[in-house]
Amino acid sequence: MQKVYVKSISVITAGRHYDKGLRELAGRVLIDALEKCGDYDLDYVILASAFSEVVEEQLLSSSYVCEYVSLEHVPNIRIELGDASSCAAIGYAYQLIKSGHANKIAVVGVDKIADFISVKISKVLSHLCDSTYESYYGVTPAVHAALMTKRYMEKYGCSYEDIAMWSVKMHEHGSKNPYAAMRRKLSIRDIMNSEVVSDPIRLFDTALPLDGASCIVLSSEPSKEFKISIEYFRTVSYNTPITMREDLTRLYTLEKCRDVVSKFSPTIFEVCDKFSIFGILSIESLGLCEYGKAFKLVADGRFDPGSDIVVNASGGLKCLGYTGGACGMYLTAMLVMELLQLEPFKDVGDHDVGLVCDIGGSDRVSNVLILRRES
Amino acid sequence: MPDYSIPVPRYWRRIGEYYRLEASRCLKCGKVYYPPRARCSCGSTSLEKISLLDGNFILREFTVLHSVPVDFEKQKPIIHGIVENVNMNIRLITQISDVLDISKLHKDIPVEPIFRVVKRDGNIGIICYGTKFRPKSIEGV
Numbered sequence: 003m004q005k006v007y008v009k010s011i012s013v014i015t016a017g018r019h020y021d022k023g024l025r026e027l028a029g030r031v032l033i034d035a036l037e038k039c040g041d042y043d044l045d046y047v048i049l050a051s052a053f054s055e056v057v058e059e060q061l062l063s064s065s066y067v068c069e070y071v072s073l074e075h076v077p078n079i080r081i082e083l084g085d086a087s088s089c090a091a092i093g094y095a096y097q098l099i100k101s102g103h104a105n106k107i108a109v110v111g112v113d114k115i116a117d118f119i120s121v122k123i124s125k126v127l128s129h130l131c132d133s134t135y136e137s138y139y140g141v142t143p144a145v146h147a148a149l150m151t152k153r154y155m156e157k158y159g160c161s162y163e164d165i166a167m168w169s170v171k172m173h174e175h176g177s178k179n180p181y182a183a184m185r186r187k188l189s190i191r192d193i194m195n196s197e198v199v200s201d202p203i204r205l206f207d208t209a210l211p212l213d214g215a216s217c218i219v220l221s222s223e224p225s226k227e228f229k230i231s232i233e234y235f236r237t238v239s240y241n242t243p244i245t246m247r248e249d250l251t252r253l254y255t256l257e258k259c260r261d262v263v264s265k266f267s268p269t270i271f272e273v274c275d276k277f278s279i280f281g282i283l284s285i286e287s288l289g290l291c292e293y294g295k296a297f298k299l300v301a302d303g304r305f306d307p308g309s310d311i312v313v314n315a316s317g318g319l320k321c322l323g324y325t326g327g328a329c330g331m332y333l334t335a336m337l338v339m340e341l342l343q344l345e346p347f348k349d350v351g352d353h354d355v356g357l358v359c360d361i362g363g364s365d366r367v368s369n370v371l372i373l374r375r376e377s
Numbered sequence: 070m071p072d073y074s075i076p077v078p079r080y081w082r083r084i085g086e087y088y089r090l091e092a093s094r095c096l097k098c099g100k101v102y103y104p105p106r107a108r109c110s111c112g113s114t115s116l117e118k119i120s121l122l123d124g125n126f127i128l129r130e131f132t133v134l135h136s137v138p139v140d141f142e143k144q145k146p147i148i149h150g151i152v153e154n155v156n157m158n159i160r161l162i163t164q165i166s167d168v169l170d171i172s173k174l175h176k177d178i179p180v181e182p183i184f185r186v187v188k189r190d191g192n193i194g195i196i197c198y199g200t201k202f203r204p205k206s207i208e209g210v
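These protein sequence lines map, in sequence, to chains X and V.
For the first sequence, my numbering assigns the number 3 to the initial residue and increments by one for each residue that follows.
For the second sequence, my numbering assigns the number 70 to the initial residue and increments by one for each residue that follows.
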């Protein structure tokens, strides 16, 4: 079994990139990451994109991205697993290298969501729900998150302001991060004054849908500048409607990864917080604290940079932006920089092992990656 | 190009589920599924089609959606709720209709299924119908 190392990373700050299509965004990070490697020798390009056929009306998108950067004979695959596409793609690349089937793979996460007006974005995102039985009636991921938030508030006797403190904290973390699309600090008042998306969730309490791309090159050889390996990868699914779950205040997929946390003892985390409730439930479901306590611990700064356990030092998706199938690539790239204590993460503390997880839909599927900084 | 996006067969083949809330029930263990399944979690592939319309329904949780998808823009805001058929132990997510004063709506009240227009597919596309739910006692709601 070969070891799998991160060779290079590249990130475009998410935003409304009206002047760039999917291939330009993906091509830019791909070229940047490969230039950092020093050569264009690749065994595969794996493209993670959730909405390329919906938004850009493009199938075979990985092939057209490769054409754009003149990788004419490089085998390519596109992976779609909703907003959990990126970590799934990294996991697939990890398995190809580990098994000796490949030595160097570029994994690109990309999506273009901001081209549309908000009602059309809601329609695109509703495809993450069951199109036949939920989206048909107008259900969107925000509805799932709102129902989970209400149940959590009722079960643990907290207010919406308590939940929204997650966003306040994320904006504190992300305010110094140049890769964060949203860098302005927020107050609870700002959140409570923003428009209601789905009661009780308000606009400033959600990750803003944006265009973005990020690339990570994985190799059997480490980079000359740093040595970060991927130690472990797991995909976990719970293929049951949200309505038939025993408890809406648990992320069952992440609960099944508690043994990963116990085995590798990561001390720095990047978790999916497309809505605040997902960030809070991720902390609880991974076993970092008891159920019903995370909202208070987050507000108290228990997981801030410099703590023994750090969560979302980057500002999470709340600040990085919601980039569909690229979300996990952003979180992974941030974790690499945090482990290396690169700017702007010099104050996160000294961490050797980190965990990144993305969540597809409302706890339908999660991917967990363990990254280790080696000396 | 005509202004429509929902292919008629895609709608037509779901009419049973949309109009009559057709679910599947395992003939071996009796478990009910909505959306219907081809195989029960007990392993049996012998399932029968049943309608969920008969039975008592309770609204378990709800939210008011303001950021609606484009096809629901004219209905904004819309109420989505988790409704439980207490006789068959099955819950589904659906639209709650006929609520004049949202502030008076609360969970754990009896609701009943009603047949309603769900959305219109553009100017010349089909009109989609389906089952929504409304509070059983409309008074005050």
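The beta-carbon is built from N, C-alpha and C at its ideal position, and this holds for glycine as well.
Return the CA-CA distance between residue i and residue j, expressed in angstroms with no decimal places.
i                : j                : result
Glu163 (chain X) : Ile190 (chain X) : 7 Å
Leu149 (chain X) : Glu26 (chain X)  : 38 Å
Glu117 (chain V) : Cys95 (chain V)  : 6 Å
Tyr254 (chain X) : Ser287 (chain X) : 7 Å
Glu223 (chain X) : Ser169 (chain X) : 38 Å
Phe118 (chain X) : Val139 (chain V) : 11 Å
Val198 (chain X) : Gln144 (chain V) : 16 Å
Asp192 (chain X) : Met172 (chain X) : 14 Å
Ile48 (chain X)  : Ser166 (chain V) : 45 Å
Lys380 (chain X) : Tyr66 (chain X)  : No statement about residue 380 (chain X) is possible, as the shown extent of chain X runs from 3 to 377 and does not include it.
Val145 (chain X) : His75 (chain X)  : 44 Å
Met70 (chain V)  : Phe202 (chain V) : Note that Met70 (chain V) scores a pLDDT of 47, beneath 50, so its modelled location is shaky; the value from the coordinates is reported in the next line. Rounded to the nearest angstrom, the two C-alpha atoms are 36 Å apart.
Arg260 (chain X) : Ser87 (chain X)  : 21 Å
Pro211 (chain V) : Gly140 (chain X) : Residue coverage of chain V in this structure runs from 70 to 210, which leaves residue 211 (chain V) outside it and unanswerable.
Asn105 (chain X) : Lys9 (chain X)   : 11 Å
Leu61 (chain X)  : Ala296 (chain X) : 41 Å
Asp365 (chain X) : Gly281 (chain X) : 12 Å
Gly388 (chain X) : Ser239 (chain X) : Because chain X spans 3 through 377 in this model, residue 388 (chain X) falls outside it and cannot be assessed.
Leu344 (chain X) : Leu83 (chain X)  : 30 Å
Under 6 Å Cβ to Cβ from residue i, same chain only, skipping five residues before and after it: list those, please.
i                : result
Gly326 (chain X) : Ala52, Phe53, Asp85, Asp113, Ile115
Gly294 (chain X) : Tyr158
Leu299 (chain X) : Cys291
Lys178 (chain X) : Pro346
Thr132 (chain V) : His149
Val13 (chain X)  : Tyr181, Ser216, Ala335
Ala301 (chain X) : Met167
Tyr70 (chain X)  : Arg25, Gly29
Leu333 (chain X) : Glu272, Val358
Met184 (chain X) : Cys321
Asp34 (chain X)  : Ser12
Pro182 (chain V) : Leu122, Thr200, Phe202
Excluding the 5 residues flanking residue i on each side, which residues of the same chain have their C-beta closer than 7 Å to its C-beta?
i                : result
Pro202 (chain X) : Ala148, Thr151, Lys152, Tyr162
Thr142 (chain X) : Ser124, Leu127, Ser128, Cys131
Leu28 (chain X)  : It is Ala, not Leu, that sits at residue 28 (chain X) in the sequence shown. For Ala28 (chain X), where only same-chain residues beyond five positions count, the Cβ hits under 7 Å are Leu49, Val67, Val110, Val112, Ala215.
Gln4 (chain X)   : Ile99, Lys100, Gly102, Ser222
Phe228 (chain X) : Leu342
Gln156 (chain V) : Per the sequence shown, the amino acid found at residue 156 (chain V) is Asn instead of Gln. These residues qualify, in order along the chain: Gly124, Asn125.
Note the first and the last residue of the continuous beta strand (DSSP E) segment covering residue i.
i                : result
Ser169 (chain X) : Per DSSP, Ser169 (chain X) belongs to no beta strand (DSSP E); it is in the alpha helix (DSSP H), 162 to 176.
Val350 (chain X) : Neither: Val350 (chain X) is in no beta strand (DSSP E) and is coded neither H nor E.
Tyr198 (chain V) : 196 to 204
Tyr293 (chain X) : No beta strand (DSSP E) contains Tyr293 (chain X), which DSSP labels as neither H nor E.
Pro182 (chain V) : 179 to 189
Starting from residue i, follow the alpha helix (DSSP H) in both directions and report where the run begins and ends.
i                : result
Cys321 (chain X) : 318 to 322
Thr334 (chain X) : 329 to 341
Ile190 (chain X) : 190 to 195
Ile372 (chain X) : First-last for Ile372 (chain X): 367 to 375, but that is the beta strand (DSSP E), not the alpha helix (DSSP H).
Leu299 (chain X) : 296 to 301
Arg89 (chain V)  : 84 to 89
Asp278 (chain X) : For the record, residue 278 (chain X) in the displayed sequence is Ser; it is not Asp. Note, Ser278 (chain X): alpha helix (DSSP H), 278 to 287.
Tyr158 (chain X) : 143 to 158
Val273 (chain X) : Where Val273 (chain X) is concerned, there is no enclosing alpha helix (DSSP H), given that its DSSP letter is neither H nor E.
In its own chain, which residues sit with a C-beta less than 8 Å from the C-beta of residue i, not counting the 5 before and 5 after it?
i                : result
Tyr198 (chain V) : Tyr87, Tyr88, Phe184, Arg185, Val186, Val187
Tyr7 (chain X)   : Leu220, Ser221, Ser222, Glu223, Pro224, Ser225, Lys229, Ile230, Ser231, Ile232
Val263 (chain X) : Leu288, Gly289, Leu290, Leu357
With respect to 6 Å, is the separation between the Cβ of residue i and the closest non-hydrogen atom of the ligand NAP below this value?
i                : result
Val141 (chain X) : The ligand content of the structure shown is nil, which means the ligand NAP is not present either.
> What are the start and end residues of each continuous alpha helix (DSSP H) run of 4 or more residues lying completely inside the region 207 to 270 of chain X, in chain order?
Replying inline: 254 to 257, 260 to 266
> Counting pairs of Cβ atoms below 8 Å between the region 274 to 292 of chain X and the region 189 to 209 of chain X, do you hit three or more?
Replying inline: yes
>> Quick check on the DSSP output: what are the complete beta strand (DSSP E) runs of length 3 or more inside the region 28 to 70 of chain X, in order along the chain?
In response: 46 to 50
> What alpha helix (DSSP H) runs, 4 residues minimum, are completely inside the region 61 to 135 of chain X?
Replying inline: 63 to 70, 87 to 100, 120 to 128
> Going along the chain, which unbroken runs of the beta strand (DSSP E) with 3 or more residues stay wholly within the region 132 to 176 of chain V?
Replying inline: 147 to 154, 159 to 165
>> With a threshold of 8 Å, are at least 3 pairs of Cβ atoms found where one atom belongs to the region 364 to 373 of chain X and the other to the region 106 to 121 of chain V?
In response: no
> Counting pairs of Cβ atoms below 8 Å between the region 241 to 250 of chain X and the region 156 to 170 of chain V, do you hit three or more?
Replying inline: yes
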